[in-house]
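Below is one structure; the comments refer to it alone.
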Amino acid sequence: MKVKVISRSTDEFTRERSQDLQRVFRNFDPKLRPQEKAVEYVRALNAAKLEKIFARPFIGAMDGHIDAISCMAKNPNFLKGIFSGSMDGDIRLWDIASRKTVCQFPGHQGAVRGLTASTDGSTLISCGTDCTVRIWSVPVAATLESDHASNKPIEANAVYVGKNAYWAVDHQWGGDLFATTGARVEIWNHNRSQPVNTFEWGTDTVISVRFNPGEPNLLATSASDRSIALYDLRMSTPARKLIMQTRTNSIAWNPMEPLNFTAANEDCSCYSYDARKLDEAKCVHKDHVSAVMDIDYSPTGREFVTGSYDRTVRIFPYNGGHSREIYHTKRMQRVFCVKFSSDASYIISGSDDTNLRLWKAKASEQMGVLLPREQKKHEYQEAVKNRYKHLPEVKRIVRHRHLPRPIYKAKELRRSVIDAEKKKEERRKAHSTPGSIVTESVRKRRIIREVE
Amino acid sequence: MPSEGGYLEAEGVEKTWRIKQDQLTREVDILSSRNQYDIVLKDLGPYTLDFTPSGRYMATAGRKGHVAIVDMKSMELIREMQVKETVRDIVFLHNETFFAVAQKKYPYIYNRDGIELHCLKEHGAVSRLQFLKNHFLLASINKFGQLRYQDVTTGEMIGNFRTGLGRTETMQINPYNGVVAVGHSAGTVSMWKPTSAAPLVKMLCHHGPISALAFHPNGHLMASCGREKKIKIWDLRKFEVVQTIPGHHAKTLDFSQKGLLAAGTGSYAQVLGDFSGTQNYSRYMGHSIAKGYQIGKVSFRPYEDVLVMGHSMGWSSILIPGSGEPNFDTWVANPFETSKQRREKEIHSLLDKLPPETIMLDPSKIGTLRPYKKREKPTKEEIEAEKEAAVESVKDIALKKKTKGRNKTSKRVMKRKVLIDKAKKPFLEKQMLEEGKVAGKKRNLGEETELPASLKRFVRKKAAV
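Chains as they are written, first to last, in the working numbering: chain A, 15 to 466; chain B, 161 to 625.
Shown next as structure tokens:
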């Protein structure tokens, strides 16, 4: 007869010395783990609750300006710095890590309306309501060491005076051209004191401009006549125009899908468009209760942040109709500009109360260096929570956000208005011949027409 | 995976069930042969036993009050005590540091050091105890069929049910889904969960009282033995008998991790195995202990090829090759656990403690969609009840008392009648609608049979379209 019996020798299964790690043996047979799904569900519930416990998105405020902040600019070459311009002409460079001003760029007489940095990070361009465009050189030493040289004023390299007030400025990606907008769209070169090229379409002020990150010759502008216009620098005439029902305050191109852009509109929603097909919006992002003032994409291209007149900052997924996160503080008043940091971890918002605020992009993220075990644990919790987040108990916890009372009430009001309109429309449809009343999809509804 | 399972292969004309334990002793190594022994304790009554999930520690209790915790690896007696009362059952809680003993009047919970921690007075005199380790629930049953669930982390009594099917003698937990199966004297097995007062399943298994129950670790098979000397293997998905094994009156049954079934009858323990994979159990091995010793409980040791039998004179341990799972998972059950690992595991299992609502017959249903149910029309009783409720609510309304001679009794009565009629109106309308529909149908059927034959030629026949 042939016999074999399980016999385990202790030294094979225990550690040799006390400094060694304990030995771990795995057997992934599901029979050894009964009721796995229930255990996973309990873990998902606990993960959702822990996420809410650790959700502390606000890091700090950067104090220093004495008037509302009107615009911000990121330095593409330097992660830690951000430029901000205020309504009294004060431009500052901040060090995000210490939340202190590194240097100031005084000179503007009126509000600074636009700020942008060149792609190599050495030049800062600003424009304002005092009809000037100023070019500054960013001190490299100051950006590297933020401890000394705080609040040192810097002289402008060049000042170009124009005829009308300027509303926005943006720098070409990789090139040396920048565009300013005001009465018309003007393309400048760093060294020339007069614009190299001018585009004009219609008589209204053009209030924002954005260059395409993937296609350096393409730019999008939005004007007071509720239009969004696309321009190509290689052509002498403007390319395409889209007229909507309400004005667009700001535009942002998706850095990962450079043919798509999202427009932040006055009617409390953001519209994502494909630049090739402007007759229909790709997605309508609706969650704000007041005009959306500014928008910026994350470098991953998967989400974007918006700042609105209703004192909140929201983060939307690039293809989702509703926001995944909302940030608000009692002290933060109307948000005029937002920026997503270039490592996709932080959000900077500039608001009416003269402060720049630094927030985490993921509210419950543990910042700093994580041990591999910690990282694995975070990934596991995220995955198990996502697996069960459609079940009612988990969904209730994951979705829950505290809204300030005015926002909550305004949301309810909007909801009731929309419901009433919808009901009316349904009744009209029910009482008329089938097919005579056609409901337009929400993606087309706000577009008036597209013009070549 | 490091280890392979045990096996016993007979050569030539040898049959595996004729192989005795002393033949095995010669073939296996010394460490394994140490697992074959008999412990004889004559005075203190039939012994029942329980293992921790890792198979390292064993708790034994003799009927006359002898309670002992043994470390099976080193055969060391950790703690031994005499509770001076009848002990009917003993079970470990989540660890080897806590165990529950069903004593004469109440079950008690003890520490590893033998210190009495809790006296569970709400349970009363119980005959069997079982512990659900994922849910931290202690289930108990007394001989009248009162089933109780208690959460040992908070001490809350989760469920208290009268099974209502007569005298109960056996109780087992299905490890696959956490359902408690209770065997009654009428031959029925009922399955319970802590959140409902009615049993999930009631099965008529045997013609006589159920003497033993056991569950296969895969959750689909249940073995039951009745007094009519038959062991039946049930498929729990279809609730059908898969196999009937005649000739055994087993007082105790147990499945091993690899699916071998041990049946203890009198002083003979029979081990049956399913070797073709078709759920056809046949004789594998057998062992008879000294004549006159009655086997009270058989239990396979987890992760080892060992079967331990508690009998009236102590307990014995024999080798059954191929019964245990050779590869253990450190994070599930670790026979070589250190105290630090034990403490960490306790915390993690408390964090993953399942709520009692997760116990269901099919545990994979969590997270799936509920099947769409069509709303049924309310029955007549329900409609009547609604009507009465509406009328009652109307009757409570207080009518305004008019002055200046306008408050006549007849007028008040009339007003009340009008209100009641108004409340009844929608129900009557619905009724009329339904009757109209039914009458229409009846009319169509009745037309054919009403007229006598002589008048039929005057009926206008509908032209066939």
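The beta carbon of each residue, even a glycine, is placed where N, CA and C say it ideally should be.
Please read all numbers here as calculations on a predicted model, not as lab measurements.
query	result
A:N400 by DSSP, collapsed to three states: which one?	helix
Any beta-carbon of chain A closer than 8 Å to the one on B:E236?	no
Within 10 angstroms of its Cβ, does B:S358 collect 16 or more other Cβ (buried), or is it exposed?	The residue asked about is misnamed: residue 358 of chain B is Ala in this sequence, not Ser. Classification for B:A358: exposed.
If the cut-off is 9 Å on Cβ atoms, which residues from the stretch 31 to 54 of chain A count as contacting chain B, listed in chain order?	Q36, R37, V38, F39, R40, N41, F42, D43, K45, L46, R47, P48, Q49, E50, K51, A52, V53, E54
Quick test of the definition: if touching needs 3 or more C-beta pairs under 8 Å, does the stretch 297 to 311 of chain A touch the stretch 271 to 284 of chain A?	yes
Let me know the secondary structure DSSP gives A:N211 once reduced to three states.	strand
Please check if any C-beta of chain A sits within less than 8 Å of the C-beta of B:N294.	yes
Mind checking which residues open and close the beta strand (DSSP E) that includes B:F321?	317 to 322
Would you say A:I139 lies against chain B (beta-carbon separation less than 8 Å)?	no
Let's test the definition: count the other Cβ atoms within 10 Å of the Cβ of B:G315 and tell me whether it reaches 16, buried, or not, exposed.	exposed
Do the CB positions of A:S363 and A:G321 come within less than 8 Å of each other?	yes
Could you check if A:Q123 is buried or exposed, using at least 16 other CB atoms within 10 Å of its CB as the buried criterion?	exposed
Run down chain B in chain order and give the residues with a C-beta less than 7 Å from the C-beta of A:L405.	G527
Which class does B:R502 belong to by DSSP, given the choice of helix, strand or coil?	helix
Please return the same chain residues whose Cβ sits closer than 6 Å to the Cβ of A:S241, not counting the five positions on each side in sequence.	K255, I257
Which whole runs of the alpha helix (DSSP H) in the stretch 347 to 405 of chain A are 4 residues long or more, in chain order?	386 to 401
Given that a residue counts as buried once 16 or more other Cβ atoms are within 10 Å of its Cβ, and exposed if not, what is A:R345?	exposed
Taking 7 Å as the limit between beta carbons, can you name the residues of its chain near A:F27, skipping five residues before and five after?	R37
For B:R620, count neighbouring C-beta atoms within 10 Å of its own C-beta (all shown protein chains included) and say buried if the count is 16 or more, exposed if not.	exposed
Could you compute how far the alpha carbon of B:K390 sits from the alpha carbon of B:M331?	18 Å
Of the residues that make up the stretch 412 to 426 of chain A, which ones have a beta carbon closer than 8 Å to any beta carbon in chain B?	none
Check whether the stretch 49 to 58 of chain A touches the stretch 212 to 227 of chain B, taking contact to mean three or more Cβ pairs, one atom from each stretch, closer than 8 Å.	no
Considering only the beta carbon of each residue, do A:A358 and A:S312 sit closer than 8 Å?	yes
Determine, using beta carbons only, whether B:F488 comes closer than 8 Å to chain A.	yes
At least one CB of chain B closer than 8 Å to the CB of A:S378: is that the case?	no
Which chain A residues are close to B:L420, counting only those with a beta carbon under 8 Å from its beta carbon?	Result: empty, since nearest Cβ-Cβ is about 13 Å, beyond 8 Å.
For B:P586, count neighbouring Cβ atoms within 10 angstroms of its own Cβ and tell me buried if that reaches 16, exposed if not.	exposed
If we count the other Cβ atoms within 10 Å of its Cβ and call it buried at 16 or more, is B:P335 buried or exposed?	buried
Of the residues A:T115, A:R328, A:R40, which one's Cα is nearest the Cα of A:H336?	A:R328
For B:I507, name the three-state secondary structure that DSSP assigns.	helix
In terms of residues, what are the limits of the beta strand (DSSP E) holding A:D77?	72 to 77
Using a Cβ cut-off of 8 Å, pull out every chain A residue sitting near B:Y167, in sequence order please.	K16, V17, K18
Alpha carbon to alpha carbon, what distance is there between B:V247 and B:Q306?	19 Å
Give the straight-line distance between the Cα atoms of B:L432 and A:K403, rounded to the nearest whole angstrom.	46 Å
Helix, strand or coil: how does DSSP classify B:Y207 here?	strand
Taking the alpha carbon of A:R410 as the reference point, which residue from A:D81, A:V154, A:K66 has its own alpha carbon closest?	A:K66
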